[in-house]
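Numbering (this note's numbering), first residue to last: 2 to 252.
Where a beta carbon is used, it is the ideal one built from N, C-alpha and C, also for glycine.
All values reported here derive from a predicted model rather than from experimental measurement.
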């Protein structure tokens with residue numbers, strides 16, 4: 002018993018010594034100066050972009066969401082059987098009906114673009130270089146057309162609004178993260194940027210960067226960004242037309 006009591010007492014004293022030693026080491030560490038390194042990822046030590054640049058860089062996501070959801074909601078509503086019969090009973094030909102739908106969709110898309118441009122112009126008036134606004138708007142036009150054609154393609158694939166909302170969110174968010182809308186392209190991996198070149202938002206962000214650098218809108222680089230975005234719009238429109246005609250022929 003005396004031996005066990007002695008060992009227990011010895012162990013207790015050893016534990017106390019260890020605890021005291023650990024506490025002293027912690028105090029010594031806290032008293033030392035902690036060196037903090039700050040990584041600066043901006044060019045030349047600071048951001049040179051104004052608020053207008055960031056508004057237009059993020060605008061492609063907002064414009065696409067508004068246009069696609071708005072147009073698809075109307076297009077799916079017009080697929081009601083009673084409404085389709087009433088339309089076909091009219092004296093209008095199928096070409097004129099399609100032209101009217103296209104014109105209404107384009108007018109809605111232009112209205113959405115005008116609203117966002119107006120908000121950005123009012124918000125940045127007097128605090129940003131408005132001389133670049135025309136280049137930003139010109140670069141936004143292909144996104145508007147692409148969004149309208151993508152909405153047309155999506156409306157030919159499904160009439161379920163929940164599926165349309167899901168696909169629109171997935172596509173727009175994926176392009177925004179991969180193409181440099183939410184994260185600047187100079188901070189992204191080269192492999193991600195190479196994959197993003199197959200998406201329209203990548204070329205939109207490239208156009209925004211060129212406009213911010215005051216590059217002429219007639220320069221080959223800027224026109225390349227516009228042209229590639231329009232090619233995406235043409236591809237979506239062609240796919241929508243093919244699917245729509247094949248389904249109409251099947252009926």
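Cβ-based burial, residue i [other Cβ within 10 Å; buried from 16]
i, result
"residue 213", "buried"
"residue 183", "exposed"
"residue 164", "exposed"
"residue 123", "exposed"
"residue 192", "exposed"
"residue 230", "buried"
"residue 241", "buried"
"residue 140", "buried"
"residue 243", "exposed"
"residue 90", "exposed"
"residue 64", "buried"
"residue 45", "Model confidence at residue 45 stands at a pLDDT of 46, short of 50, so the residue's coordinates are unreliable; what they give is reported in the following sentence. Counting Cβ neighbours within 10 Å, residue 45 comes out exposed, since fewer than 16 surround it."
Terminal residues of the alpha helix (DSSP H) in which residue i lies
i, result
"residue 162", "162-180"
"residue 68", "52-78"
"residue 49", "That residue, residue 49, is in no alpha helix (DSSP H); it is neither H nor E in DSSP."
"residue 207", "201-213"
"residue 193", "191-197"
Simplified DSSP assignment, three categories, for residue i
i, result
"residue 90", "coil"
"residue 126", "coil"
"residue 148", "helix"
"residue 186", "helix"
"residue 233", "helix"
"residue 103", "helix"
"residue 40", "Since pLDDT at residue 40 reaches only 47, below the 50 mark, its modelled position is unreliable, and the value read off the structure follows with that caveat. Note: residue 40 maps to coil in three-state DSSP."
"residue 156", "helix"
"residue 81", "coil"
"residue 247", "helix"
"residue 135", "helix"
"residue 218", "coil"
Minimum C-alpha distance to residue i - residue among the options
i, options, result
"residue 58", "206, 152, 162", "206"
"residue 133", "146, 224, 210", "210"
"residue 126", "51, 173, 204, 219", "51"
"residue 157", "60, 72, 219", "72"
"residue 68", "194, 107, 78, 220", "107"
"residue 145", "238, 246, 222", "238"
"residue 248", "154, 53, 147, 202", "154"
"residue 150", "49, 66, 60", "66"
"residue 245", "70, 76, 60", "76"
"residue 130", "232, 227, 215", "215"
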